[in-house]
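Residue numbers (the numbering used here): 747 to 1218.
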């Protein structure tokens, strides 16, 4: 007997639910399908077999006897189907529990097999230098979580086929459009685990943990959760089903405040506060093996200075071209980042540059140009320290970005982006205009600065008009 709807409703926090059932071997199995723009909590779902669709992240969760299991994306892979926790002849298909003999599921399996037979020869990758990275992702601790293993492989396979992708680095001949390299200078020892942990323990910034799986800030997570996750990767074997993680934490915005923390290493930065320059508070990011930081764009007009000091990480960079900036809603906080975003943008954006840092313990220092879009994959546990830079010699670059940003936010489609998200980005843009204007006024006179200040007045007038309209 096929599933039927018994009841549909919506609770006070916007979770839609549908009570459903099917009969199998004389036993009736009841379950609820939930839909919401968030992942499930322990309060959602009481029955094994309940389904929760996270619409914001395009993930689906299944209730097991241990709680909500690892999320899956889209339809199950033929080789790794998602079965009902209590039955092996019911599969998660088209958002519901369907018999494995279901017509559309059987047709899907048949099509997959026919395609597999058709590919008798493996296509030659456009970028052969990606193949060793694929091998390392599959064989290292980044493969300990099956979900992250699959996600990383999909990204690297897309990268291997991307025409025009360029391998860059301090020892590579290609000149980057996205970053500039600087020498690494420090007066103290190279950072180690103790120094990183000292800063984490001493940290005064409470909201520093993010989930690599759902791409969300984890307000309830703490240092104990993070170190527990780290312990899972201390074994030379994949994480077993009975210890499976439903999230993969990484720490960002760790302030180097401890006396015996990262600041004891004495890194020397090429940018320091002064009449020509403003820098933000330096902070570290600490990722575990298999962590994927999906494409993002930081700030408006600022550059980002970074020193990678621990582990091996793959960086992907895209220049701030007109074509790439059309993806701004997906790489800012305007819209939730889905797990497939990196693969999608590898195919859609131009000028992709790839850098592998940390080989043989190498430290690498570089500066991202304004509004470069970037993503990261951690082959091993890895860390970097960085801060934002406003610098008088970068005025022209900042002016171009601010000009684009003001027009972009004013044209954002309210139907595609929530009004509060649009206002949030507008506030950031307004703050960037004010910060760059203040720096220019400190930097003395001259034709270039006077011209920039004139443009800032134009930008502010446009933003004032924007806020007048959106205050209604």
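For every residue, glycine included, the Cβ atom is placed at its ideal position computed from N, Cα and C.
- According to the DSSP assignment, residue 980 belongs to no alpha helix (DSSP H), since it is labelled neither H nor E.
- Residue pairing from DSSP leaves residue 1209 without any beta-bridge partner.
- Closest option to residue 894, judged by alpha-carbon separation, among 1036, 1020 and 933: 1036.
- Annotation: residue 793 to residue 767 spans about 12 angstroms, alpha carbon to alpha carbon.
- In this structure, the beta-carbon distance from residue 1172 to residue 1212 falls below 8 angstroms.
- Burial is judged here by how many other beta carbons sit within 10 angstroms of a residue's own beta carbon; residue 1136 has at least 16 and is buried.
- Put simply, the backbone Cα of residue 805 is about 34 angstroms away from that of residue 1147.
- Shortest Cα-Cα distance from residue 1040 to any of 956, 1046, 1215 and 907 involves 956.
- The beta carbon of residue 875 sits closer than 8 angstroms to those of 913, all from its chain and outside the five residues before and after it, given in chain order.
- Here the C-alpha atom of residue 984 lies approximately 7 angstroms from the C-alpha atom of residue 889.
- Around residue 898, the same chain offers 883, 888, 1036, 1038 and 1123 as residues with beta carbons nearer than 7 angstroms, after the five sequence neighbours per side are excluded.
- Per DSSP, residue 1050 is one residue of the beta strand (DSSP E) stretching across 1049–1056.
- The three-state secondary structure of residue 900, taken from DSSP, is helix.
- The Cβ atoms of residue 1062 and residue 1098 lie closer than 8 angstroms to each other.
- Going by DSSP, residue 843 is part of the beta strand (DSSP E) stretching over 842–845.
- In this chain, the beta strand (DSSP E) harbouring residue 1099 covers 1099–1103.
- Residue burial annotation: residue 800 is buried, with at least 16 other C-beta atoms found within 10 angstroms of its C-beta.
- Residue 942 sits close to residue 1008, with the two beta carbons spaced by under 8 angstroms.
- In the pairwise beta carbon analysis, the segment 1125–1132 is classified as touching the segment 1046–1062: at least three pairs are separated by under 8 angstroms.
- Pairing residue 1126 with residue 915 gives a Cβ-Cβ distance that is not under 8 angstroms.
- Excluding the 5 residues flanking it on each side, residue 948 has same chain C-beta neighbours closer than 6 angstroms at 1003 and 1004, in chain order.
- When secondary structure is reduced to three states using DSSP, residue 854 falls in the helix class.
- Listed in chain order, the non-local C-beta contacts of residue 901 below 6 angstroms within the same chain comprise 1088 and 1089, local neighbours out to five positions each way being set aside.
- Nearest in C-alpha terms to residue 1151, of all of 1174, 1142, 1167 and 1188, is 1174.
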